[in-house]
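Undergrad: First the structure, then my questions, so here it is.
Protein chains: 2
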Amino acid sequence: MITIQDLGEQALLAQLQRFSPPDLTGDDAAVLRSPHPDSLVISTDMLVEGVHFSKQTTPGFDVGWRAAAANLSDLAAMGALPLGMTIALGLPGTTPLEWVLSVYKGITACLKPWQTPILGGDVCQSPVRTISITVLGKVPPAKTLYRHSAQAGDWIIATGIHGAARAGLECLLHPDQGQSLDPYHRQAWQTAHQRPDPRLDLVPCLQNLNTRITGMDSSDGLADAVLQICRASQVGAELWTEHLPIPPGLNDWVGQSTAIAWTLYGGEDFELILTLPENIAQTWLQTVRSTLTLPANHCPRPIGRITPNPDVCLLTPDCHRQTLDLKQGFQHFRP
Amino acid sequence: MITIQDLGEQALLAQLQRFSPPDLTGDDAAVLRSPHPDSLVISTDMLVEGVHFSKQTTPGFDVGWRAAAANLSDLAAMGALPLGMTIALGLPGTTPLEWVLSVYKGITACLKPWQTPILGGDVCQSPVRTISITVLGKVPPAKTLYRHSAQAGDWIIATGIHGAARAGLECLLHPDQGQSLDPYHRQAWQTAHQRPDPRLDLVPCLQNLNTRITGMDSSDGLADAVLQICRASQVGAELWTEHLPIPPGLNDWVGQSTAIAWTLYGGEDFELILTLPENIAQTWLQTVRSTLTLPANHCPRPIGRITPNPDVCLLTPDCHRQTLDLKQGFQHFRP
Numbered sequence: 382m383i384t385i386q387d388l389g390e391q392a393l394l395a396q397l398q399r400f401s402p403p404d405l406t407g408d409d410a411a412v413l414r415s416p417h418p419d420s421l422v423i424s425t426d427m428l429v430e431g432v433h434f435s436k437q438t439t440p441g442f443d444v445g446w447r448a449a450a451a452n453l454s455d456l457a458a459m460g461a462l463p464l465g466m467t468i469a470l471g472l473p474g475t476t477p478l479e480w481v482l483s484v485y486k487g488i489t490a491c492l493k494p495w496q497t498p499i500l501g502g503d504v505c506q507s508p509v510r511t512i513s514i515t516v517l518g519k520v521p522p523a524k525t526l527y528r529h530s531a532q533a534g535d536w537i538i539a540t541g542i543h544g545a546a547r548a549g550l551e552c553l554l555h556p557d558q559g560q561s562l563d564p565y566h567r568q569a570w571q572t573a574h575q576r577p578d579p580r581l582d583l584v585p586c587l588q589n590l591n592t593r594i595t596g597m598d599s600s601d602g603l604a605d606a607v608l609q610i611c612r613a614s615q616v617g618a619e620l621w622t623e624h625l626p627i628p629p630g631l632n633d634w635v636g637q638s639t640a641i642a643w644t645l646y647g648g649e650d651f652e653l654i655l656t657l658p659e660n661i662a663q664t665w666l667q668t669v670r671s672t673l674t675l676p677a678n679h680c681p682r683p684i685g686r687i688t689p690n691p692d693v694c695l696l697t698p699d700c701h702r703q704t705l706d707l708k709q710g711f712q713h714f715r716p
Numbered sequence: 382m383i384t385i386q387d388l389g390e391q392a393l394l395a396q397l398q399r400f401s402p403p404d405l406t407g408d409d410a411a412v413l414r415s416p417h418p419d420s421l422v423i424s425t426d427m428l429v430e431g432v433h434f435s436k437q438t439t440p441g442f443d444v445g446w447r448a449a450a451a452n453l454s455d456l457a458a459m460g461a462l463p464l465g466m467t468i469a470l471g472l473p474g475t476t477p478l479e480w481v482l483s484v485y486k487g488i489t490a491c492l493k494p495w496q497t498p499i500l501g502g503d504v505c506q507s508p509v510r511t512i513s514i515t516v517l518g519k520v521p522p523a524k525t526l527y528r529h530s531a532q533a534g535d536w537i538i539a540t541g542i543h544g545a546a547r548a549g550l551e552c553l554l555h556p557d558q559g560q561s562l563d564p565y566h567r568q569a570w571q572t573a574h575q576r577p578d579p580r581l582d583l584v585p586c587l588q589n590l591n592t593r594i595t596g597m598d599s600s601d602g603l604a605d606a607v608l609q610i611c612r613a614s615q616v617g618a619e620l621w622t623e624h625l626p627i628p629p630g631l632n633d634w635v636g637q638s639t640a641i642a643w644t645l646y647g648g649e650d651f652e653l654i655l656t657l658p659e660n661i662a663q664t665w666l667q668t669v670r671s672t673l674t675l676p677a678n679h680c681p682r683p684i685g686r687i688t689p690n691p692d693v694c695l696l697t698p699d700c701h702r703q704t705l706d707l708k709q710g711f712q713h714f715r716p
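Just so you know, the protein sequences line up as chains A and B, in that order. With positions in the first sequence counted from 1, the corresponding number in my numbering is that position plus 381. With positions in the second sequence counted from 1, the corresponding number in my numbering is that position plus 381.
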């Protein structure tokens, strides 16, 4: 097995440059054309072994795919399309070359449908495998999706099911517990965890709308996204329990209470949470269903409504209200 | 002492957002205007505690300053000016908040002369303090500095002295050995190591030239920069020993042989190595000296010439030739 310390920095960089267009690498920085009149959108993420992934349970390909998907999802959440991505890797010298190449293959596969180049990056020594990705995108200024523009009465739309990535993680961590599951569901959930699809497919039909749209991705959970939008827009929300985008089959497997918790707080589904004026939302949902051939799990659907009251509540069919709280979501650094 | 696990992720992010313009943070990504008709330039770097800095010997402010300077230097090396910077931090929960804020203060201080905003970023848990910076810049397409355009006969220009950062590191690691030094030199070298100045000041007067210019920064050493330019341009070079940009006072302190080695291979001076046609180089050097008020250590000077012969040699006044080799430079991952 060849490790990267066998290879050395220059030879490793030469291997990684093969994943980038030749005209974009080999200098101090990558150069690309300005996408005028669009605005630039930039976002960055760091992933650390033992925190965001385990080298034992996550193949390098999936580490790369998920890292790329998370960054592309941040672009989709701004209504933007990708221009390119830089990758910085911190690696122990004993890291197998094979693993590093697998990460790059995963990133490349995730970028492929969007024809997005890797713009080069950096490799350096670190005691822990670390990946830092920065993605650059473009959006027409008037079509940028912010979090602060939701208004009372807007419909809240989830672009697909939520909780599937959490369920998939459970299946991967405890394969024995998934034995009773429909193999179709198990596979779908594991794929949701290992190879999430960023919702860039919806960006063009969001850009076609001439209306106020609020948006955020649900990487930190559906509830977190609704709470962040409400906080930024100084409004509240009610989510309708019977319309929660619970993955088909999940109630039967873990019971309704856990299924709702995973749907609200599971995270890493990389769908979008949008708010639109009600009449436009209805038309848009019909247009999306008729023009895009979407798998059922990735179909946008209304899940609630923005309210003037600043609370974010879950509303049961019998009008019981439960207030949602960010503290139930994922937070770094807490011991 | 408040640690970041006392604070939690959301409160830490709120503290760090104060370093960014309010309109650029709080969403999934930062949005900025496209700099049309300029091209975009993007570069990324990762710094790891114990590899690139020591929390014992490098204050957070200097860690931040040097990280920002290294990235700005990559832009200068492309002939570009900065648009903004993203910062991803991987941190153990026990990291003092004070240290994180110092890093941000150092970055902010380094960016200030260039009015460059921090475009937000990411914080996450890591067993080792890690900083990943991505810088975005702009350059008129015809003014972009590449490595591959050097031609035989060009003058090689260093934009300032080299080896000062290496000497400053020595002074910091062994303060007792620096006692005999002129305090002015000691201070200048330590500053060169702790607070290097990226050479963005030269970018406007490089953009004013209508000629072929080749360029790279000398972050990995003067010799490395010349070798990389020669490799990319398929040419060679001779460097003139008596014109090497050795820091004043260094010969006296460490002897000529070590002074030359530090000048060629020391690295981290973050100056530029340029090649220009001889007649233009002469005029440009005069223009720079007469229009910019530069400290002597930061004055551009000719150090050699590009040759058709592919070797890179050091030429002594008595015409002795010594071939330079990249292997003497710094390489990651070698055990």
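Glycine included, C-beta positions come from ideal geometry on N, C-alpha and C. Remember, it's a predicted structure, so these values are computed and weren't measured experimentally.
Just checking: is the beta-carbon of residue 505/A within a distance shorter than 7 angstroms of some beta-carbon in chain B?
TA: yes
Undergrad: Using only the alpha-carbon positions, how far apart do residue 711/B and residue 505/A sit?
TA: Only weak support exists for where residue 711/B lies, its pLDDT of 47 falling under 50; the value from the coordinates is given anyway. Each residue's Cα considered, the two are about 12 angstroms apart.
Undergrad: In whole angstroms, what separates the C-alpha of residue 401/A from that of residue 567/B?
TA: Going by the C-alpha atoms only, they are around 43 angstroms apart.
Undergrad: Rounded to whole angstroms, what is the Cα-Cα separation between residue 693/B and residue 458/A?
TA: 50 angstroms
Undergrad: Using the Cα positions of residue 716/A and residue 607/B, report the straight-line distance between them to the nearest angstrom.
TA: Because residue 716/A carries a pLDDT of 47, less than 50, the predicted location of this residue cannot be relied on, and the following value inherits that uncertainty. One C-alpha to the other measures close to 49 angstroms.
Undergrad: Name the chain A residues that come within less than 9 angstroms of residue 406/B, Cβ to Cβ?
TA: Going along chain A, no residue has its Cβ under 9 angstroms from residue 406/B, so there is no contact; the nearest lies around 11 angstroms.
Undergrad: Tell me whether residue 406/A sits in a helix, a strand or coil according to DSSP, three-state version.
TA: coil
Undergrad: Assign residue 555/B to one of two classes, buried (16 or more other C-beta atoms within 10 Å of its C-beta) or exposed (fewer than that).
TA: exposed
Undergrad: Entirely within the region 521-559 of chain A and at least 4 residues each: give me those alpha helix (DSSP H) ranges in chain order.
TA: 545-554
Undergrad: According to DSSP, residue 693/B sits in a beta bridge with which residue or residues?
TA: 618/B
Undergrad: I'd like to know whether the C-beta of residue 425/A is nearer than 7 angstroms to at least one C-beta of chain B.
TA: Cβ-Cβ to chain B under 7 angstroms: yes for residue 425/A.
Undergrad: Taking one C-beta from the region 420-430 of chain A and one from the region 541-559 of chain A each time, how about it: are there three or more such pairs within less than 8 angstroms?
TA: no
Undergrad: Near residue 543/B, which residues of its chain fall below 7 angstroms by C-beta distance, leaving aside the five closest residues on each side in sequence?
TA: 599, 603, 626, 644, 647, 650, 652
Undergrad: Is the shortest distance between the beta-carbon of residue 696/B and the beta-carbons of chain A less than 7 angstroms?
TA: no
Undergrad: Have a look at residue 594/B and residue 656/B and give me their C-alpha separation to the nearest angstrom.
TA: 6 angstroms
Undergrad: Could you please give me the residues that DSSP links to residue 519/B through a beta bridge?
TA: 421/B, 462/B, per the DSSP bridge assignment.
Undergrad: For residue 459/B and chain A, any beta-carbon pair shorter than 7 angstroms?
TA: yes
Undergrad: With H, G and I counted as helix, E and B as strand and the rest as coil, what does DSSP make of residue 454/A?
TA: Residue 454/A: helix per DSSP, three-state reduction.
Undergrad: Taking 8 angstroms as the threshold, find out whether the region 427-435 of chain B comes into contact with the region 391-409 of chain B through three or more Cβ pairs.
TA: Not touching, per the Cβ criterion.
Undergrad: Is residue 505/B helix, strand or coil by DSSP?
TA: strand
Undergrad: Which residue marks the beginning of the alpha helix (DSSP H) containing residue 722/A, and which one marks its end?
TA: Missing from the structure shown is residue 722/A; chain A here goes from 382 to 716 and no further.
Undergrad: Could you work out which residue in 678/B, 642/B, 407/B, 679/B is closest to residue 501/B when comparing CA atoms only?
TA: 407/B
Undergrad: Look up residue 514/A in the DSSP assignment and say whether it is helix, strand or coil.
TA: strand
Undergrad: Could you check the C-alpha separation between residue 613/A and residue 411/B for me, to the nearest Å?
TA: Going by the C-alpha atoms only, they are around 15 angstroms apart.
Undergrad: Can you tell me whether residue 711/B is helix, strand or coil according to DSSP?
TA: The predicted position of residue 711/B is uncertain, since its pLDDT is 47 and thus under 50; no value can be drawn from it.
Undergrad: Can you give the Cα-Cα distance for residue 455/A and residue 409/B, rounded to whole angstroms?
TA: 5 angstroms
Undergrad: What did DSSP end up calling residue 442/B once you bin it into helix, strand or coil?
TA: helix
Undergrad: Give, in chain order, every residue of the region 533-549 of chain B whose Cβ lies closer than 7 angstroms to some Cβ of chain A.
TA: none
Undergrad: Out of curiosity, what's the CA-to-CA distance linking residue 448/B and residue 399/B?
TA: The alpha-carbon of residue 448/B is positioned some 19 angstroms away from that of residue 399/B.
Undergrad: Chain B partners of residue 691/A, CB-CB under 8 angstroms?
TA: Within 8 angstroms Cβ-Cβ: nothing; residue 691/A doesn't reach chain B, min ~17 angstroms.
Undergrad: Which residues in chain A sit within 8 angstroms of residue 415/B, going by Cβ to Cβ distance?
TA: 415, 416, 417, 418, 419, 420, 421, 519
Undergrad: Helix or strand or just coil, what does DSSP make of residue 699/A?
TA: DSSP places residue 699/A in coil when its eight states are reduced to three.
Undergrad: What's the call for residue 467/B, buried or exposed, on a 16-neighbour Cβ count within 10 Å?
TA: buried
Undergrad: Determine the contact status of residue 478/B and residue 385/B, defining contact as a CB-CB distance below 7 angstroms.
TA: yes
Undergrad: Name the one or two DSSP bridge partners that residue 472/A has.
TA: Partner residues in the beta bridge of residue 472/A, as assigned by DSSP, are 506/A.
Undergrad: How many angstroms separate the CA atom of residue 674/B from the CA atom of residue 667/B?
TA: Straight-line Cα distance between these residues: approximately 12 angstroms.
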